[in-house]
Amino acid sequence: MERLQKILANAGVASRRKCEELITAGKVTVNGEIVKELGVKADPAVDVIKVAGKPIKQESKIYIMFNKPKGVITSVSDDKGRSVVTDYLKEIKERLYPVGRLDYDTEGLLLLTNDGDLAHKLMHPSHHVAKTYHATVERVPHGNALEKLQRGIKLEDGMTAPADVEYHDIDPDGKFATISITIREGRNRQVRRMFDAIHHPVIRLKRISFGGLFLNNLQRGKHRKLSAEELRKLHEAAEESVPKEDSKES
Numbered sequence: 023m024e025r026l027q028k029i030l031a032n033a034g035v036a037s038r039r040k041c042e043e044l045i046t047a048g049k050v051t052v053n054g055e056i057v058k059e060l061g062v063k064a065d066p067a068v069d070v071i072k073v074a075g076k077p078i079k080q081e082s083k084i085y086i087m088f089n090k091p092k093g094v095i096t097s098v099s100d101d102k103g104r105s106v107v108t109d110y111l112k113e114i115k116e117r118l119y120p121v122g123r124l125d126y127d128t129e130g131l132l133l134l135t136n137d138g139d140l141a142h143k144l145m146h147p148s149h150h151v152a153k154t155y156h157a158t159v160e161r162v163p164h165g166n167a168l169e170k171l172q173r174g175i176k177l178e179d180g181m182t183a184p185a186d187v188e189y190h191d192i193d194p195d196g197k198f199a200t201i202s203i204t205i206r207e208g209r210n211r212q213v214r215r216m217f218d219a220i221h222h223p224v225i226r227l228k229r230i231s232f233g234g235l236f237l238n239n240l241q242r243g244k245h246r247k248l249s250a251e252e253l254r255k256l257h258e259a260a261e262e263s264v265p266k267e268d269s270k271e272s
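Numbers 23 to 272, taken from my numbering, label the letters of the sequence shown in order.
Take a look at the structure:
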């Protein structure tokens with residue numbers, strides 16, 4: 023027996039958070055009965071579970087690494103007709119959902135999957151999954167400015183956690199620098215706001231690593247399936263990132 027939202031997420035219906043919204047909205051039935059409580063458990067091998075009147079089906083799990091270009095929305099659809107990440111994966115038949123998001127102007131490593139349980143763990147509010155970016159910023163920050171980011175810097179929504187920061191590339195004329203920064207939080211536009219706070223606005227932002235996985239030579243706009251070893255690393259990162267009571271959920 024598993025919690026209903028976990029069953030739905032594992033079936034590729036949506037992220038676990040969205041599945042919870044579907045349940046509370048009365049869109050889910052178990053054996054013909056509407057379920058609106060999140061604590062209800064079911065057995066997908068025995069119970070008939072439907073969403074909006076349609077039975078769920080257990081899809082095979084798929085895990086994709088995608089090199090998101092700048093100017094693409096991290097979503098499966100957009101009511102304004104803008105390009106979304108799934109436009110680049112149309113040959114994949116399974117329903118895919120992004121693990122977290124990258125801003126419209128940010129490029130680089132984005133994971134997509136129909137494994138809602140794993141995605142939930144990786145995106146948990148108290149997670150500490152490492153994410154590394156190459157941030158090209160205006161001018162060259164002095165070492166003491168980078169030390170502020172390393173210690174944690176105050177933003178409008180509170181202090182950031184300590185970050186790993188080092189120079190990656192420096193323009194000989196001092197017009198810009200590319201900084202490697204690793205954070206373990208998931209605030210909105212966090213990296214950009216951190217560099218704004220030290221008065222070195224970001225010109226270009228690219229995520230090169232997530233949860234121990236690296237973009238390496240994957241070309242912009244291209245995708246590939248994760249290897250078994252990469253998936254193992256991702257599961258390890260997910261289990262380490264979630265409080266014990268959550269990771270033990272049946």
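All residues carry an ideal CB built from backbone N, CA and C; glycine is no exception. Keep in mind the model is a prediction, meaning the values are calculated, not measured.
From the DSSP output, which residues share a beta bridge with residue i?
i, result
"residue 130", "90, 229"
"residue 181", "176"
"residue 52", "55, 71"
"residue 224", "159"
"residue 64", "24"
"residue 76", "73"
Rounded to the nearest angstrom, what separates residue i and residue j at their Cα positions?
i, j, result
"residue 81", "residue 122", "21 Å"
"residue 202", "residue 60", "41 Å"
"residue 204", "residue 173", "12 Å"
"residue 230", "residue 182", "20 Å"
"residue 269", "residue 199", "With a pLDDT of 37 at residue 269, under the threshold of 50, the modelled position of this residue cannot be trusted, and the question is left open."
"residue 234", "residue 28", "25 Å"
"residue 63", "residue 41", "14 Å"
"residue 116", "residue 170", "44 Å"
"residue 46", "residue 26", "11 Å"
"residue 228", "residue 187", "15 Å"
"residue 267", "residue 260", "Residue placement at residue 267 cannot be trusted, given a pLDDT of 40 that sits under 50; what the coordinates show is reported in the next sentence. Their Cα atoms are separated by approximately 14 Å."
"residue 104", "residue 157", "25 Å"
Does the CB of residue i have a neighbour CB from chain E at under 7 Å?
i, result
"residue 196", "In the displayed structure, chain E is absent; only one protein chain is listed."
Name the two residues that bound the continuous beta strand (DSSP E) containing residue i.
i, result
"residue 191", "186–192"
"residue 200", "198–205"
"residue 246", "245–247"
"residue 56", "55–57"
Are residue i and residue j closer than 7 Å when you measure CB to CB?
i, j, result
"residue 73", "residue 49", "yes"
"residue 92", "residue 129", "yes"
"residue 68", "residue 90", "no"
"residue 224", "residue 217", "yes"
"residue 192", "residue 219", "no"
"residue 139", "residue 239", "no"
"residue 87", "residue 248", "yes"
"residue 118", "residue 131", "no"
With residue i as the anchor, note down where its alpha helix (DSSP H) starts and where it stops.
i, result
"residue 219", "212–219"
"residue 45", "38–46"
"residue 141", "138–144"
Please list, in chain order, all residues of the same chain as residue i whose beta carbon is under 8 Å from its beta carbon, the five residues on each side excluded.
i, result
"residue 211", "125"
"residue 100", "106"
Excluding the five sequence neighbours on either side, which residues of its own chain have a C-beta within less than 6 Å of the C-beta of residue i, listed in chain order?
i, result
"residue 142", "38"
"residue 196", "162"
"residue 83", "137"
If I measure Cβ to Cβ from residue i and keep anything under 7 Å in the same chain, skipping five residues before and after, which residues do I get?
i, result
"residue 214", "224, 227"
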